[in-house]
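Q: Structure incoming, see below.
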Amino acid sequence: MRLHAAVVLMLVCLCLAIQAAYGCNSSPNEAANTNEADEDYEDEASSDSELEDEEDETVEDVALDEEDFDLICSQTEVTVRSQGTPDVIIIGAKKGGTRALIEFLKLHPLLKAAGPEIHFFDNNYEKGLDWYISQLPPVADNQLRMEKTPGYFHTPKVPRRIKAMDPNVKLLLIIRDPVKRLISDYNQFRTKNLDSGGTYPDLEDLAFTPSGEINVRYPALQRSIYHEHMARWLKHFPPEQILVINGDSFIKRPWIEVNKIEDFLHVPSVVTEDNFFFNNTKGFYCGREIRTKGVWSCSKEKCLSKAKGRPKPPLKDGTVEKLVEFFKPHNALFYEMMNETFGWPT
Ligand code: A3P
């Protein structure tokens, strides 16, 4: 009995030693890739009230009828389609406008996307590449396959893994003013907790220390320090392979940003202002796709659910100003890194 206990103890010690050396994520794929051991593996510190990087997708937001629409409305009668890895990945940022972006890109007939977020490179890596491919849509030879998982941008292990899959994959990042993004990120957790009958701390209790300093360990705040995350991506991909979309401009005139992406992806420019209409109730644009086939024409409209464009949370006086001050030097560093400005204060 004592021998059995000693063996168990030894195994536990060995396991802890392995975890300390390689981080906590010991999937078979990672163990096989010794290069990953030297990556900064520390996961973001989670506050008690933010245990998980929750998803924010509703059934309404995730359109699953793509294939039916193509079948009924496509100009081409029969299309041979094949499975494969993605050509384009929207890597984030969380609350940057990733759902609206992928839905509006799908207005383009050559761009096909997975429905729900796949979370392969951050949460499901151990399921293997074949599983990942099975989650992606089949496409014709001239079409591009896409997926979006906003958690990729701020998860340290992801850039290396994506590069190992395909060093030439094109990456899209949509980011908003870091203070707005942070508030939106906080608001997502707050709303979900309140909607399920719980409570949630004020933003000030999470983003500031008891003495009123910025709490740099608050995960939602860390996710807005864009230059720190981007520095990791630039270790693995050249800047010209990552297109950064201004999420604040995208809200106001989505077609302009979609046109930039069409250029970046070398697909014909087909999406125009006519593909959008403003929904006054939501206060956001919705997408509209019209396809004609002989005398018939097919159309569908895409407005996002109420989970996107939530009412803003209550904030105390001075909170936004304090956060804006904190992010100024970080914004300047990001501009310098990208050689581009985004209209946020420095
Ligand atoms: P808010 O809910 O804070 O307004 P994501 O899809 O990455 O979770 O991002 C959600 C954010 O997308 C929303 O944040 C909203 O501001 C933004 N967004 C951009 N374009 C939108 C659109 N056309 N409809 C709804 N939300 C849109």
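Our numbering puts the first residue of the sequence shown at 4, with every later residue one more than the last. We treat Cβ as the ideally placed atom computed from N, Cα and C, and that holds for glycine.
Of all the options ALA96, PRO141 and LEU132, which has the alpha carbon lying nearest to the alpha carbon of PHE156?
A: Selected option, being the one with the closest Cα: ALA96.
Q: Alpha carbon to alpha carbon, how far is ILE264 from LYS166? Give it in angstroms, no decimals.
A: Rounded to whole angstroms, LYS166 to ILE264 spans 21 Å at the Cα level.
Q: How do the segment 303–320 and the segment 190–198 stand: do at least 3 beta-carbon pairs fall below 8 Å, yes or no?
A: Yes: the two stretches touch, three or more of their Cβ pairs being nearer than 8 Å.
Q: In angstroms, rounded to a whole number, what distance separates the CA positions of LEU104 and GLU216?
A: In a straight line, the C-alpha of LEU104 is about 35 Å away from that of GLU216.
Q: Contact defined as beta carbons within less than 8 Å: I believe PHE337 pairs with TYR229. What is the distance between those atoms, to the nearest angstrom?
A: Contact holds; Cβ gap of about 5 Å.
Q: Less than 6 Å between C-beta atoms, sequence neighbours within five positions excluded: which residues of the same chain meet that for GLY100?
A: ILE177, GLY250 and PHE253, listed in sequence order.
Q: Would you list the one or two residues that DSSP bridges to SER85?
A: VAL142, per the DSSP bridge assignment.
Q: Pick out whichever of PRO204, LEU307, ASN126 and ASN334 has its Cα sitting closest to the Cα of THR284.
A: Answer by Cα proximity: LEU307.
Q: Which residues in the same chain as LEU113 place their Cβ atom closer than 7 Å to its Cβ, once the five residues preceding and following it in sequence are excluded?
A: So the list reads ASN145, GLN146, LEU147 and VAL270, once near-sequence residues are dropped.
Q: Quick check: the Cα distance between LEU246 and SER85, rounded to an integer number of angstroms?
A: Going from the Cα of LEU246 to the Cα of SER85 covers about 26 Å.
Q: Going by DSSP in three states, ALA34 sits in which element: helix, strand or coil?
A: Unreliable positioning characterises ALA34 in this predicted model, as indicated by a pLDDT of 30, which lies under 50. The coordinate reading is nonetheless provided below. ALA34 falls in the helix class under three-state DSSP.
Q: In the DSSP assignment, find the unbroken alpha helix (DSSP H) run with TRP258 in it and report its ends.
A: Element bounds for TRP258: 257–268.
Q: Could you tell me the alpha carbon to alpha carbon distance between LYS309 and TYR288, rounded to whole angstroms?
A: Taking the straight line joining both Cα atoms gives about 13 Å.
Q: Between which residues of its own chain and LYS98 is the CB-CB distance below 6 Å, once the five residues before and five after are set aside?
A: These residues qualify, in order along the chain: ARG184, SER187 and ASP188.
Q: State buried or exposed for GLU150, treating a residue as buried only when at least 16 other CB atoms are found within 10 Å of its CB.
A: Classification for GLU150: buried.
Q: State buried or exposed for ILE2, treating a residue as buried only when at least 16 other CB atoms are found within 10 Å of its CB.
A: Here the chain covers residues 4 to 349 and nothing more, so residue 2 does not appear.
Q: GLY252 by DSSP, collapsed to three states: which one?
A: Note on residue identity: the sequence assigns Ser, not Gly, to residue 252. Of the three classes helix, strand and coil, the one that applies to SER252 here is helix, per DSSP.
Q: Quick test of the definition: if touching needs 3 or more C-beta pairs under 8 Å, does the segment 326–334 touch the segment 113–122?
A: These segments do not touch.
Q: Taking 8 Å as the threshold (C-beta atoms), are ASN278 and GLY290 in contact?
A: Yes. Within cutoff.
Q: Have a look at GLU63 and HIS111 and give me their C-alpha separation to the nearest angstrom.
A: Cα to Cα, the separation comes out at about 20 Å.
Q: Does the distance from the CB of LYS115 to the CB of VAL83 come in under 8 Å?
A: In this structure, VAL83 does not lie closer than 8 Å to LYS115 by Cβ.
Q: Which runs of the beta strand (DSSP E) spanning at least 3 residues fall entirely within the segment 266–324, listed in chain order?
A: Entirely contained in the segment 266–324, the beta strand (DSSP E) runs reaching 3 residues are, in chain order, 279–282, 287–296 and 299–305.
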